[in-house]
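What follows is a short report on a single structure.
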Amino acid sequence: GAGVSQSPRYKVAKRGQDVALRCDPISGHVSLFWYQQALGQGPEFLTYFQNEAQLDKSGLPSDRFFAERPEGSVSTLKIQRTQQEDSAVYLCASSLAFVTSGGAKNIQYFGAGTRLSVL
Amino acid sequence: AQSVTQPDIHITVSEGASLELRCNYSYGATPYLFWYVQSPGQGLQLLLKYFSGDTLVQGIKGFEAEFKRSQSSFNLRKPSVHWSDAAEYFCAVGWAGTASKLTFGTGTRLQVTL
Chain H
1 GAGVSQSPRY
11 KVAKRGQDVA
21 LRCDPISGHV
31 SLFWYQQALG
41 QGPEFLTYFQ
51 NEAQLDKSGL
61 PSDRFFAERP
71 EGSVSTLKIQ
81 RTQQEDSAVY
91 LCASSLAFVT
101 SGGAKNIQYF
111 GAGTRLSVL
Chain S
120 AQSVTQPDIH
130 ITVSEGASLE
140 LRCNYSYGAT
150 PYLFWYVQSP
160 GQGLQLLLKY
170 FSGDTLVQGI
180 KGFEAEFKRS
190 QSSFNLRKPS
200 VHWSDAAEYF
210 CAVGWAGTAS
220 KLTFGTGTRL
230 QVTL
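Going down the list, the sequences are from chains H and S. For the first sequence, this note's numbering gives the first residue as 1, with consecutive numbering after it. For the second sequence, this note's numbering gives the first residue as 120, with consecutive numbering after it.
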């Protein structure tokens, strides 16, 4: 597609409910990133994929957060047993190249995000 | 730990006035530097980037930024602001060699008065 697509745009969940957020990256982009943006804050890194391999998940806040990219394209961020502190905008980004290739190929292009509200 | 500081949370300027948004980062190596803009309900749009070479970089919408290694800064400038520039601006840093994730500042909200 022309850009990074995320769905749903808005999600309201009851506390304790499981949610799944989808990211469809730009076609051909090798790298995919998830960020969490709390209200009034800058995005914070959650996890990173190179093709189907999850190479960095150091930003996932707890073991309730799980991400996958099984075929190296679409990715899903799953949050189990949601809590109120999980309320945030979840942003997905993709880039053309492998992380270590450097330069312009590492520019990250962002989707519009999914706004999650946990009641 | 790597960090990015945007000291101005909120800036108001008159349309047609000049603008400078500040960004400082902490790390010793050569950074990759970015400025993104976010309008309400939208994702992040890349304004400009610095990887190497000329320290004054030009971006979209008439924005420019200057990398000053001695000050660990990458300030964003625009000579004449338009009402449509009102948005949230984020400075972000990545690092070669570990350049997977971006570290963002907390953002500067720009308000433009007519």
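Where a beta carbon is used, it is the ideal one built from N, C-alpha and C, also for glycine.
The three-state secondary structure of residue 106 of chain H, taken from DSSP, is helix. Checking the DSSP bridge columns, you'll see residue 47 of chain H partnered with H:34. Residue 8 of chain H has a beta carbon lying at 7 Å or more from every beta carbon in chain S. Chain order gives the chain S residues near residue 107 of chain H as 165, 168, where near means a beta carbon separation below 7 Å. Here the C-alpha atom of residue 213 of chain S lies approximately 15 Å from the C-alpha atom of residue 46 of chain H.
A distance below 7 Å separates the beta carbons of residue 108 of chain H and residue 95 of chain H.
A distance below 7 Å separates the beta carbons of residue 135 of chain S and residue 199 of chain S.
For residue 220 of chain S, the closest Cβ of chain H is nearer than 7 Å. For residue 183 of chain S, the three-state secondary structure derived from DSSP is strand. At a cut-off of 7 Å between beta-carbon atoms, residue 72 of chain H makes no contact with chain S. When only Cα atoms are considered, residue 121 of chain S and residue 53 of chain H end up about 25 Å apart. Proximity of chain S to residue 43 of chain H at the Cβ level (cut-off 7 Å) is accounted for by 223, in chain order.
Where residue 202 of chain S is concerned, there is no enclosing beta strand (DSSP E), because DSSP gives it neither an H nor an E. Put simply, the stretch 6-15 of chain H touches the stretch 110-117 of chain H. At least three CB pairs are less than 8 Å apart. 7 Å or more divides the Cβ of residue 20 of chain H from the Cβ of residue 88 of chain H. Of all residues in the stretch 135-148 of chain S, none comes within less than 9 Å of chain H when Cβ atoms are compared. Annotation: the continuous beta strand (DSSP E) that includes residue 11 of chain H extends over 10-13. The beta-bridge partner set that DSSP reports for residue 124 of chain S consists of S:143. DSSP, reduced to helix, strand and coil, places residue 189 of chain S within a helical segment of the structure shown. Contact note: residue 18 of chain H does not reach chain S at a C-beta cutoff of 9 Å; the least C-beta distance is about 25 Å. Inclusion of residue 42 of chain H and residue 209 of chain S in the CB contact set at 7 Å is warranted, their separation being smaller than that value. The C-beta separation of residue 31 of chain H from residue 50 of chain H comes to about 6 Å, placing the pair in contact by the 8 Å criterion.
Residue 133 of chain S and residue 232 of chain S have their C-alpha atoms roughly 5 Å apart. Between residue 83 of chain H and residue 66 of chain H, the alpha-carbon positions lie close to 15 Å from each other.
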